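Protein sequences appear in the order of chains A and B.
Every number in my numbering is 648 more than the matching position in the first sequence, counting from 1.
Every number in my numbering is 15 more than the matching position in the second sequence, counting from 1.
Accompanying notes for the structure given below.
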Amino acid sequence: QITLKESGPTLVKPTETLTLTCTFSGFSLSTSGVAVGWLRQSPGKALEWLSLIFWNGEEHYSPSLTSRLTIIKDTSKNQVVLTMTNMDPVDTATYYCARRFDYGGGWKFDFWGQGTLVTVSS
Amino acid sequence: DIQMTQSPSTLSASVGDRVTITCRASQDIRTSLAWFQQKPGKPPKLLIYKASILESGVPSRFSGSGSGTEFTVSISSLQPDDFATYYCQQYSTYPLTFGGGTKVEIK
Numbered sequence: 649q650i651t652l653k654e655s656g657p658t659l660v661k662p663t664e665t666l667t668l669t670c671t672f673s674g675f676s677l678s679t680s681g682v683a684v685g686w687l688r689q690s691p692g693k694a695l696e697w698l699s700l701i702f703w704n705g706e707e708h709y710s711p712s713l714t715s716r717l718t719i720i721k722d723t724s725k726n727q728v729v730l731t732m733t734n735m736d737p738v739d740t741a742t743y744y745c746a747r748r749f750d751y752g753g754g755w756k757f758d759f760w761g762q763g764t765l766v767t768v769s770s
Numbered sequence: 016d017i018q019m020t021q022s023p024s025t026l027s028a029s030v031g032d033r034v035t036i037t038c039r040a041s042q043d044i045r046t047s048l049a050w051f052q053q054k055p056g057k058p059p060k061l062l063i064y065k066a067s068i069l070e071s072g073v074p075s076r077f078s079g080s081g082s083g084t085e086f087t088v089s090i091s092s093l094q095p096d097d098f099a100t101y102y103c104q105q106y107s108t109y110p111l112t113f114g115g116g117t118k119v120e121i122k
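Below is the structure:
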């Protein structure tokens, strides 16, 4: 059974750094082709992709946020950590992690965590 | 960035109706497109990938089609459980991008 779960603070102050952890089970991030991504959704808005890290350490970031984001993986703990610096109220959103799975000729975000709501406010 | 435009933004329909949602990409993405269903307070659920392949466990009343820049997802006979918001997502090129969503509501 594949599960992912996001954890981290529910409230951060403007200018602070947000650290979110995705803890997963049922798959390994050392398996070729597997990746874990972070996405977010502001209240009432559409989904936004943030970052992705692959089994081999390859990283990708949203160009609009690349200067503020860092993604790392701890394969032994089955965790992926996202840090976002200089938080602003516009970053208030539900943050999701999801598994990226290769199906041969492409890939899909097939399993998602339940999400964690992060509010940015002083 | 590839822009994904969904239409309509809201769709009012009745149980049993056939509904179709359109997603247009700002450039050719071949068939690198997925559709998700999302209900309030829940994460997105993958329905379709590679434009037309139904994810395991998804009811056969859902279908997807298209390639290049124009894609559709259809529900052949709308069920009460289908009232939700639907998003398309392209994975042809980074950054990965989503459509703005289509809310399917009860007429």
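Quick reminder that beta carbons are idealized off the backbone N, C-alpha and C, glycines included.
It should be emphasised that the depicted structure is a prediction, and the values quoted were computed from it without experimental measurement.
- Of all residues in the segment 84-111 of chain B, only Y102, Y106, Y109, P110, L111 place a beta-carbon less than 7 Å from a beta-carbon of chain A.
- When secondary structure is reduced to three states using DSSP, A/V766 falls in the strand class.
- In the structure shown, B/V30 falls within a coil segment according to DSSP collapsed to helix, strand and coil.
- Put simply, the CB of A/K756 is near chain B, with a gap under 8 Å to one of its CB atoms.
- Boundaries of the beta strand (DSSP E) harbouring A/M732: 727-732, taken from the DSSP string.
- Checking the DSSP bridge columns, you'll see A/D722 partnered with A/Q727.
- H708, S710, P711: these are the residues of the segment 706-724 of chain A whose beta carbon lies less than 7 Å from some beta carbon of chain B, given in chain order.
- Beta bridge pairing from DSSP links A/V684 with A/I701, A/R747.
- Between the alpha carbons of B/D43 and B/Y109 lies a distance of about 13 Å.
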